[in-house]
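Report on the structure given below.
Numbering (our numbering), first residue to last: 245 to 532.
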C-alpha cells in the first residue's frame with residue numbers, strides 16, 4: 245500500500261473514531277462496546293483529537309483541484325451576465341474571488357470588462373485586496389470605485405444592516421460558528437448533530453487540503469484558517485450593501501463572486517423579495 249493510500253485510510257479511520265466519540269457524548273455507547281463508560285467531557289476531547297488527527301493524516305493524500313480548468317471563459321461569462329436579467333439597467337459588482345480568477349491573465353480580465361453590457365463597480369475594500377500592479381491598474385482605469393463614505397449615511401446604514409443580517413443568516417455562517425465553538429472548547433454545542441458534525445469534518449479537511457507544503461496543521465492553525473476563509477468579512481458586507489443600494493433604485497445588480505457566503509446571502513435577499521440582486525460565479529462549479 246502506497247503512503248498516500250495508507251494516510252487516506254488512517255484519515256478515514258480517525259474520522260470514524262471522531263464520530264464514535266461524538267455520539268458517545270449523548271448516548272454513552274462506549275459502555276456497550278468496551279464495557280467502560282467514558283464521560284461526555286472526555287468523549288468530546290477524544291472526538292476533537294481524532295478529528296485533528298484525521299486532518300494530519302490527510303496531508304498530501306489528494307492534489308489540489310486544477311482550478312484553471314474550471315474557469316469560465318471571459319466570453320461565456322459575459323454571455324451569462326447579459327442573459328441573467330432582462331432589465332435595461334444592469335451593473336456588475338466584482339468580488340476579489342472573481343478578480344483573482346483572471347489575475348493570471350489580465351488580458352482576459354480586460355476583455356471581460358470591455359465586452360460586457362453595463363458598468364463594472366468595485367468597493368474600496370475589494371480593491372485594497374488586490375496587490376499585483378497589472379490587475380490593479382486595469383481595475384482603476386476600467387471600473388468605477390465605490391466608497392461607502394460618499395453615500396447618504398442613513399441610507400447606507402440601512403443597506404449595511406440588511407447586508408449583515410443576510411450574511412449572518414447563511415448556512416455557511418451557522419456552520420462556521422458551530423465549528424469554531426467545537427474546535428475551541430472541545431465540547432459539542434447543544435445544536436451540534438451528526439449532519440453538522442460531518443460538515444465540521446468536511447471543513448477541517450478542506451482547510452488541510454489547501455495547506456501549503458510544509459505547513460504544520462495544529463488546532464490554532466485550523467482556527468486561524470477557519471476565521472479567514474469561513475468567517476464573515478466586512479468586505480462581503482460592503483459588496484452586498486452596495487448591491488442592495490443600487491437594487492433600491494430599480495437597477496439589476498449582478499455580483500460576480502465565488503464566495504458561498506455571498507451566494508447564500510443573495511439567496512436570502514431573494515427570498516425576502518429583493519430580486520434585483522443576482523449572484524454569478526466565475527467558475528463552472530463551486531470551489532468555495
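In this text, a Cβ means the ideal position worked out from N, Cα and C, and glycines have one as well.
Tell me which residues share the same chain as residue 356 and place their Cβ nearer than 8 Å to its Cβ, disregarding the 5 neighbours each side in the sequence. 318, 321, 322 and 346
Under three-state DSSP, which class holds residue 375? coil
I need the straight-line Cα distance from residue 310 to residue 513, nearest angstrom please. In this prediction, residue 310 scores a pLDDT of 44, lower than 50, which makes its location untrustworthy; no coordinate-derived value is stated.
Limits of the beta strand (DSSP E) - the one that residue 367 falls within: 363-367
Where DSSP assigns a beta bridge to residue 338, which residues make up the other side? 500
For a quick check, are the C-beta atoms of residue 528 and residue 316 less than 8 Å apart? yes
Are residue 389 and residue 371 closer than 8 Å when you measure CB to CB? yes
For a test of the three-state rule: what should DSSP assign to residue 527, helix, strand or coil? strand
Under 8 Å, do residue 506 and residue 483 count as touching if we go by C-beta distance? yes
Thinking just about the alpha-carbon of each residue, which of 481, 434, 413 and 423 is nearest to the one in residue 470? 423
Going by other Cβ atoms of all chains shown within 10 Å of its Cβ, with 16 needed for buried, is residue 416 buried or exposed? buried
Tell me whether residue 522 is buried or exposed, calling it buried when 16 or more other Cβ atoms sit within 10 Å of its Cβ. buried
Would you give the residue range spanned by the beta strand (DSSP E) that residue 389 belongs to? 388-390
7 Å Cβ shell around residue 379 - same chain, five flanking residues per side excluded: 343, 347, 350 and 353
From residue 414 to residue 385, what does the alpha carbon distance come to, in whole angstroms? 34 Å
Residues in its own chain within less than 7 Å of residue 556 by CB, not counting five upstream and five downstream? Here the chain has residues from 245 to 532 only, and residue 556 is not among them.
Residue 367 versus residue 257: straight-line alpha-carbon distance, rounded: 46 Å
Quick check for students: name the residue ranges of the beta strand (DSSP E) that lie wholly in the segment 470-501, counting only runs of 3 or more. 496-500
Report the residue from 495, 373, 339 and 426 whose alpha carbon sits nearest the alpha carbon of residue 464. 426
For residue 446, which of 406, 466 and 495 has the nearest alpha-carbon? 466
Between the beta-carbon of residue 526 and the beta-carbon of residue 500, is there less than 8 Å? yes
Rounded to whole angstroms, what's the CA-CA distance from residue 516 to residue 451? Just pull it up for me. 33 Å
Mind checking whether residue 333 and residue 504 have CB atoms under 8 Å apart? no
Residue range of the alpha helix (DSSP H) that includes residue 416: 415-429
Counting along the chain, where does the alpha helix (DSSP H) carrying residue 412 start and finish? 397-412
Going by beta carbon distance, what residues of the same chain come within less than 7 Å of residue 497, once the five residues before and after it are set aside? 335, 337, 487, 490, 491, 520, 521 and 522
Exposure label - residue 444; buried when at least 16 CB within 10 Å: buried
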